[in-house]
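Student:
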Amino acid sequence: MDQFHDIRPYNDDEVAEVLNNLVEMPDFINTIIGFRFAQWPKFLKVPLAFCVKLALKRQITNISNVHEFQMRVASYMERMIKTTTTNVEYRGIEKLEKGVGYLFLSNHRDIAMDPAFVNYGLYLAELNTVRIAIGDNLLRRPFVSDLMRLNKSFIVKRSANGIREMMAAFGQLSAYITESLTKDQANIWIAQKEGRAKDGLDQTDPAIIKMFFMSQKKEKVPFSYAMANLKIVPVSIAYEYDPCAFDKARELHQKSTTGNYEKAEFEDIDSIKNGIVGQKGKVVVTFGDVIKDGFETPEEFVAEVDRQIITNYAIQSTNEAALALQQGLPSTDSAFSSYLERCPENLKETVLAMYANPLKQQQKYLNK
1 MDQFHDIRPY NDDEVAEVLN NLVEMPDFIN TIIGFRFAQW PKFLKVPLAF CVKLALKRQI
61 TNISNVHEFQ MRVASYMERM IKTTTTNVEY RGIEKLEKGV GYLFLSNHRD IAMDPAFVNY
121 GLYLAELNTV RIAIGDNLLR RPFVSDLMRL NKSFIVKRSA NGIREMMAAF GQLSAYITES
181 LTKDQANIWI AQKEGRAKDG LDQTDPAIIK MFFMSQKKEK VPFSYAMANL KIVPVSIAYE
241 YDPCAFDKAR ELHQKSTTGN YEKAEFEDID SIKNGIVGQK GKVVVTFGDV IKDGFETPEE
301 FVAEVDRQII TNYAIQSTNE AALALQQGLP STDSAFSSYL ERCPENLKET VLAMYANPLK
361 QQQKYLNK
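Here's what the structure looks like:
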């Protein structure tokens, strides 16, 4: 029996059926229409749906496995990079070896684009793409779940209720990650904590490290050796501009003023869309060093992950400009000043903090 059937990515022999089912989902077709043809008159929706479905059926005819699906995704990724970034730079990727499964433990700014940029760098370097950890809170619409699992995503059951159900979910997830890395030599991408760091402060959740250890702990493997077995590589992703910055600031501002924030039903889906199509400026992805043994507790391990992610973060001109403005100095980046003019007045301080915090956090580490 496939013990990971409900969380793992789709296998090659499942791809054709999933794709054929996808193009018959009205919700999927309507989402594409809303995404690509939002400005078109509503009375054209029916003929548009017919044309979109026809075009999709033509495109999926030649896709029979996960690799072919990802090659189609790569073509869209190349187009997105040309239209929404000024430059994408990869640092430290030359340290990675072919045929080795790495666990990329990453800071988290964007739901879809963080793992997508890591994936694209691995693809360009002719290394295996990653299996992506994604929370089930993002999979409320069936077509989203199918698309993610076609693209090598596996599911983190955040909605598990009760201690017993949560422990079972974490145990299954830990076993899947360990097996992927040690038996399949597959690469894994997972965020350093649940949810994006909306305030720009990167910090690893020790619960993530404890979850990694669960499956090996059952086999009596010491913590330091267990972590070394997983070949964990901290990854720092830095965007010159965050396409979702104003939305994140609105959430943070509301929480700080009212103590509460209720997400709209499909708000995360909108964040995914905005992150894909929004302008990002320069993007820098930095791969740190594989963390070897010598760390005896989750807290010691977390400290090392945080050190690498924060010190390897590529400081952008927007980070420097935001800190200067916070300190009452003139902006060091005129483009950032123009960008701030589009920000609602009540959110400007929150947005400035969001961009300044990575630089302030790094300075604290370097001055220790």
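Read in order, the letters of the sequence shown correspond to residues 1 to 368 in UniProt numbering.
Even glycine gets a Cβ: it sits at the ideal position worked out from N, Cα and C.
1. Please classify Pro222: is it buried, with 16 or more other beta-carbons within 10 angstroms of its beta-carbon, or exposed?
2. Is DSSP giving Ser236 helix, strand or coil here?
3. With distances taken from CA atoms, which of Met148, Tyr120, Ile155, Arg141 is nearest residue 434?
4. Looking at the structure shown, is Asn107 part of a helix, part of a strand, or coil, going by DSSP?
5. Assign Glu89 to one of three DSSP states: helix, strand, or coil.
6. Can you grab the Cα-Cα spacing for the pair Ile310 / Phe104, in whole Å?
7. What's the C-alpha gap between Asp202 and Tyr239?
8. Is Ile232 near Ile188, with beta carbons less than 7 Å apart?
9. Return the chain-ordered ranges of every alpha helix (DSSP H) run that is complete within the region 304-362 and spans a minimum of 4 residues.
10. Who are the Cβ neighbours of Leu122 in its own chain at under 6 Å, not counting the five residues just before and after it?
11. Look up Val285 in the DSSP assignment and say whether it is helix, strand or coil.
12. Taking C-beta to C-beta, are Ser215 and Ala186 nearer than 7 Å?
13. Quick check on the DSSP output: the beta strand (DSSP E) that includes Gly278 runs from which residue to which?
14. Tell me which same chain residues have a C-beta within less than 8 Å of the C-beta of Ala314, skipping the five on either side of it?
15. Counting Cβ pairs, one atom from each stretch, are 3 or more of them under 8 Å apart for the region 57-73 and the region 261-280?
16. Decide if Asp2 is buried, meaning its Cβ has at least 16 other Cβ atoms within 10 Å, or exposed.
17. Assign Val156 to one of three DSSP states: helix, strand, or coil.
18. Excluding the 5 residues flanking Ser159 on each side, which residues of the same chain have their C-beta closer than 8 Å to its C-beta?
19. Could you check the C-alpha separation between Ala207 and Phe295 for me, to the nearest Å?
20. For Ser317 and Val118, what's the separation of their Cα atoms in angstroms?
21. Tell me whether the beta-carbon of Arg140 lies closer than 7 Å to the beta-carbon of Tyr10.
22. Thr350 to Thr83, Cα distance in whole Å?
23. Under 7 Å between the Cβ atoms of Ala197 and His108?
Tutor: According to the structure data:
1. exposed
2. Of the three classes helix, strand and coil, the one that applies to Ser236 here is strand, per DSSP.
3. Any answer about residue 434 is impossible in this case: the structure gives the chain only from 1 up to 368.
4. coil
5. strand
6. Answer to the nearest angstrom: the Cα atoms are 15 Å apart.
7. Inter-residue distance for Asp202 and Tyr239 is about 14 Å (C-alpha atoms, whole angstroms).
8. no
9. 317-326, 334-341
10. Excluding residues within five positions, the ones whose Cβ falls inside 6 Å are Thr129.
11. strand
12. no
13. Taken as a continuous stretch (DSSP letters only), Gly278 belongs to no beta strand (DSSP E), as it is neither H nor E.
14. Glu89, Arg91, Ser236, Ala238, Val284, Thr286
15. Here the region 57-73 makes no contact with the region 261-280; the two share fewer than three CB pairs at distances below 8 Å.
16. exposed
17. strand
18. Asp136, Asn137
19. 16 Å
20. Ser317 and Val118 have their alpha carbons spaced roughly 22 Å apart.
21. no
22. 27 Å
23. yes
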